[in-house]
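Residue 308 is where the sequence shown starts when you use my numbering, and the numbers rise one by one after that.
From the three backbone atoms N, C-alpha and C, an ideal C-beta is built for every residue, glycine too.
All figures in this text were calculated on a predicted structure; none of them were measured in a lab.
Below is one structure, written out as structure tokens; the observations come after it.
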Amino acid sequence: MGSASSNQGPAISLRTTTHNHPLATRMSVENPRTESVHDEKADIKAVLDAKDSVDAAQPSLPRDIKPTFEDYLHFAELQRELEKRTGDQVEYPEFDDASSKALSDLEKEKIQARRALKAVEWGSVFFLITTDILGPFNAPYAFSAVGFVPGTLLYFFMFAAATWTGGIIWHLFIKLDSGRFPIRNYADLAERIYGRWARHVCSILQTVQLIVVVGLISLTAGQSLSQISHAKLCFSVCIVIFILIGMIIGQIRTLKSYSLLANSAVWLNILSMIIAMSVVRHRYGPNIGSATATYGPEYATGPVQTAKFVDGTLFSKVNGIMNMVYAYGGAMIFPDFMAEMRHPMDFWKAMILSQTVIFLVYMVYGVVIYAFQGQYTLPIAFQGLNNYGFQTACNILVMISMILGAGLYGNIGIKLAYRQIIEEWFRGPPFMSKRGRFIWSVMVYIYWTLAFIIVSSIPAIGAVTGVVGASVVLQYTYSFPLALMFGFEVMADARQGETYTPGVDTRVDTWMQWSRWRRGIFSGRWHLKLLHLLAALAAFAMAGLGIWGSSLAVKQALAVGAATSFGCAASV
Numbered sequence: 308m309g310s311a312s313s314n315q316g317p318a319i320s321l322r323t324t325t326h327n328h329p330l331a332t333r334m335s336v337e338n339p340r341t342e343s344v345h346d347e348k349a350d351i352k353a354v355l356d357a358k359d360s361v362d363a364a365q366p367s368l369p370r371d372i373k374p375t376f377e378d379y380l381h382f383a384e385l386q387r388e389l390e391k392r393t394g395d396q397v398e399y400p401e402f403d404d405a406s407s408k409a410l411s412d413l414e415k416e417k418i419q420a421r422r423a424l425k426a427v428e429w430g431s432v433f434f435l436i437t438t439d440i441l442g443p444f445n446a447p448y449a450f451s452a453v454g455f456v457p458g459t460l461l462y463f464f465m466f467a468a469a470t471w472t473g474g475i476i477w478h479l480f481i482k483l484d485s486g487r488f489p490i491r492n493y494a495d496l497a498e499r500i501y502g503r504w505a506r507h508v509c510s511i512l513q514t515v516q517l518i519v520v521v522g523l524i525s526l527t528a529g530q531s532l533s534q535i536s537h538a539k540l541c542f543s544v545c546i547v548i549f550i551l552i553g554m555i556i557g558q559i560r561t562l563k564s565y566s567l568l569a570n571s572a573v574w575l576n577i578l579s580m581i582i583a584m585s586v587v588r589h590r591y592g593p594n595i596g597s598a599t600a601t602y603g604p605e606y607a608t609g610p611v612q613t614a615k616f617v618d619g620t621l622f623s624k625v626n627g628i629m630n631m632v633y634a635y636g637g638a639m640i641f642p643d644f645m646a647e648m649r650h651p652m653d654f655w656k657a658m659i660l661s662q663t664v665i666f667l668v669y670m671v672y673g674v675v676i677y678a679f680q681g682q683y684t685l686p687i688a689f690q691g692l693n694n695y696g697f698q699t700a701c702n703i704l705v706m707i708s709m710i711l712g713a714g715l716y717g718n719i720g721i722k723l724a725y726r727q728i729i730e731e732w733f734r735g736p737p738f739m740s741k742r743g744r745f746i747w748s749v750m751v752y753i754y755w756t757l758a759f760i761i762v763s764s765i766p767a768i769g770a771v772t773g774v775v776g777a778s779v780v781l782q783y784t785y786s787f788p789l790a791l792m793f794g795f796e797v798m799a800d801a802r803q804g805e806t807y808t809p810g811v812d813t814r815v816d817t818w819m820q821w822s823r824w825r826r827g828i829f830s831g832r833w834h835l836k837l838l839h840l841l842a843a844l845a846a847f848a849m850a851g852l853g854i855w856g857s858s859l860a861v862k863q864a865l866a867v868g869a870a871t872s873f874g875c876a877a878s879v
């Protein structure tokens with residue numbers, strides 16, 4: 308399984324040397340010249356490890372030696388111990404004369420770039436997580452699809468499950484991340500357990516989701532602008548305006564710089580919700596014109612109706628449930644947040660607090676708006692207010708928060724693309740370097756342009772949200788963490804009876820032998836492994852059902868809605 312699936316390495320003789328610092332493990336090729344150069348670099352990096360307790364240098368392994376699962380566990384344990392000892396007293400020293408002699412400019416640049424990122428505290432991460440994809444504004448739409456009782460139960464169940472799987476992601480990060488072998492995103496985490504193929508799957512899905520999410524937020528903001536202008540401005544032009552704004556905000560490269568913006572976005576969302584819930588309770592009825600443009604004249608008729616259990620087609624209910632999944636869609640970028648945290652051990656505080664706040668906000672907002680608007684509830688609920696002044700106030704507040712949220716997700720998406728394409732494929736400079744600054748800017752323009760093309764081709768927010776929720780968000784929040792935990796437990800328990808020595812292969816068997824699988828599956832807490840496996844399979848099955856239902860919802864939305872691909876008519 309993954310990097311630990313092979314017991315055979317290249318034909319190279321290894322030896323270990325003991326240093327004063329616990330991280331100073333050295334492996335060398337039996338070649339005097341190569342050994343001399345490599346040992347010098349290893350010593351320099353050991354010094355850097357000792358000086359920099361949070362962000363250690365790159366591993367002192369030869370390029371043709373791939374680290375094993377045991378290596379990841381070993382160095383992660385040492386890293387966590389160092390972080391406990393240093394506490395808040397973290398410093399990032401410059402290179403001294405000794406270290407700079409043995410390191411190339413690119414190596415020094417990468418180390419400095421990694422150090423510059425480690426600056427986010429758990430309080431900032433709370434606001435980053437809470438700056439959710441679409442905010443809670445599609446929660447009433449989800450209730451209108453299934454009813455009060457299923458909606459309440461499903462939101463609570465998803466909250467509990469998302470908190471569980473979020474804890475799994477945190478646990479795996481703590482167990483596998485270190486300064487020598489840093490985890491920078493979800494794909495890195497998957498690769499360490501299931502191998503290179505899992506990395507590619509996660510990278511592709513994450514890239515698709517982030518591009519679509521950025522586009523969806525721009526689509527929502529464009530819809531707000533169109534509503535403010537009474538549809539006098541072409542809908543596609545409205546979207547382009549926010550795409551251009553996003554290209555400007557996208558020049559920010561670090562999450563620390565986004566934390567203040569994320570803080571503002573959270574409070575703007577809360578203010579708009581308070582306005583919407585206050586207005587909807589008074590004499591203003593639902594916006595029948597917008598509902599007709601969204602659902603068609605046959606659906607949006609009659610007095611306001613609500614129900615404990617909604618009668619409707621299966622695919623419409625499934626699409627509503629997939630909209631609920633978006634409430635906890637931030638799990639996809641949890642590893643990205645932890646990668647830039649000064650103390651990743653504190654991540655659980657931000658995760659639990661943010662998940663709780665999101666659950667409470669979605670529940671209250673969803674129930675109140677649906678109770679007063681019933682079947683007229685729109686995918687972006689506040690746009691169903693039948694008072695132009697209050698509707699405009701909410702639109703303006705949400706436009707600001709949406710563009711900040713889009714900038715955050717665009718930042719993560721471009722980082723993923725940069726590391727995959729520029730750093731790994733083309734061996735280019737790190738994105739925090741001076742040369743990376745120019746490349747980053749170009750990628751920002753390309754990324755936001757792709758987002759515009761994708762969402763403008765399907766301008767139906769509720770339906771597109773359901774498709775992305777089923778095909779991608781559900782996987783990262785529920786399916787993948789459970790599957791990763793199952794694989795991790797099997798690999799960890801298979802090590803029973805083996806001792807670990809850095810640089811020496813001490814395995815007694817391989818994954819090609821049943822004995823290793825038997826230890827991995829049946830030793831340890833086998834009942835928890837079974838639970839994780841069955842839950843993962845159930846989540847994958849739900850994703851398949853969600854893709855089916857949401858795809859039919861897209862077809863229906865394009866058939867009855869006013870908006871068309873790259874057209875000027877808005878869907879509200």
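Considering only residues of the same chain and omitting the five flanking positions on each side of residue i, which have a CB-CB separation below 8 Å?
| i | result |
| --- | --- |
| Ile746 | Tyr725, Ile729, Gly735, Pro736 and Phe738 |
| Arg588 | Val675 and Phe679 |
Do residue j and residue i count as a contact pair if the criterion is CB distance below 8 Å?
| i | j | result |
| --- | --- | --- |
| Phe480 | Pro651 | yes |
| Leu685 | Tyr462 | no |
| Phe793 | Lys836 | yes |
| Gly773 | Asn576 | no |
| Phe288 | Pro374 | Since the first and last residues shown for the chain are 308 and 879, residue 288 lies out of range. |
| Tyr633 | Asn445 | yes |
| Ser485 | Ala646 | no |
| Phe697 | Val586 | yes |
| Leu568 | Tyr716 | no |
| Ile546 | Phe759 | yes |
| Val611 | Gly673 | no |
| Val617 | Val453 | yes |
| Ala843 | Ala688 | no |
| Leu757 | Ser510 | no |
| Ala469 | Thr784 | yes |
| Ile854 | Ala777 | yes |
| Ile640 | Ile719 | yes |
| Ser431 | Ser571 | no |
In this structure, how does DSSP classify residue i when only helix, strand and coil are distinguished?
| i | result |
| --- | --- |
| Leu540 | coil |
| Val780 | helix |
| Met819 | coil |
| Ala860 | helix |
| Pro881 | In the structure as shown, the chain starts at 308 and stops at 879, and residue 881 therefore has no counterpart that could be examined. |
| Met739 | coil |
| Thr699 | helix |
| Val573 | helix |
| Pro651 | helix |
| Leu685 | coil |
| Pro604 | coil |
| Val427 | strand |
| Val611 | coil |
From residue i to residue j, what distance separates their C-alpha atoms?
| i | j | result |
| --- | --- | --- |
| Gln803 | Arg832 | 13 Å |
| Leu512 | Ile753 | 18 Å |
| Val515 | Val780 | 11 Å |
| Thr561 | Pro642 | 15 Å |
| Val544 | Ala638 | 32 Å |
| Trp755 | Arg826 | 48 Å |
| Ser764 | Gly474 | 37 Å |
| Ile628 | Ser858 | 13 Å |
| Val344 | Ile490 | Confidence is the limiting factor: at Val344 the pLDDT is only 35, short of 50, which leaves the residue's position unreliable and the question unanswerable from this model. |
| Leu838 | Ser597 | 46 Å |
| Leu791 | Gly851 | 19 Å |
| Phe466 | Tyr635 | 7 Å |
| Ile558 | Val751 | The amino acid at residue 558 is misidentified as Ile; the sequence shows Gln. Roughly 7 Å separates the two Cα atoms. |
| Cys541 | Gly529 | 10 Å |
| Val775 | Val519 | 8 Å |
| Thr699 | Thr527 | 14 Å |
| Glu731 | Thr599 | 50 Å |
| Ser564 | Arg392 | 27 Å |
Leaving out five residues before and five after residue i in sequence, what residues of the same chain have Cβ atoms less than 6 Å from its Cβ?
| i | result |
| --- | --- |
| Trp429 | Asp653, Lys656 and Ala657 |
By Cβ distance below 7 Å, which residues in the same chain neighbour residue i in space, the five residues on each side in sequence not counted?
| i | result |
| --- | --- |
| Met849 | Leu781 |
| Val573 | Phe434, Thr437 and Thr438 |
| Pro593 | Val611, Gln680, Tyr683, Gly691 and Asn693 |
| Leu660 | Phe433 |
At least 3 beta-carbon pairs within less than 8 Å: the stretch 698-713 vs the stretch 606-626: The stretch 698-713 makes no contact with the stretch 606-626, as fewer than three CB pairs between them are under 8 Å.
- prompt: Can you find at least 3 beta carbon pairs, one from the stretch 571-585 and one from the stretch 539-554, that sit closer than 8 Å?
  reply: The answer is no - the stretch 539-554 does not touch the stretch 571-585, with fewer than three Cβ pairs under 8 Å.
- prompt: Do three or more CB pairs link the stretch 806-821 to the stretch 661-676 at distances below 8 Å?
  reply: The stretch 806-821 makes no contact with the stretch 661-676; the number of CB pairs closer than 8 Å stays below 3.
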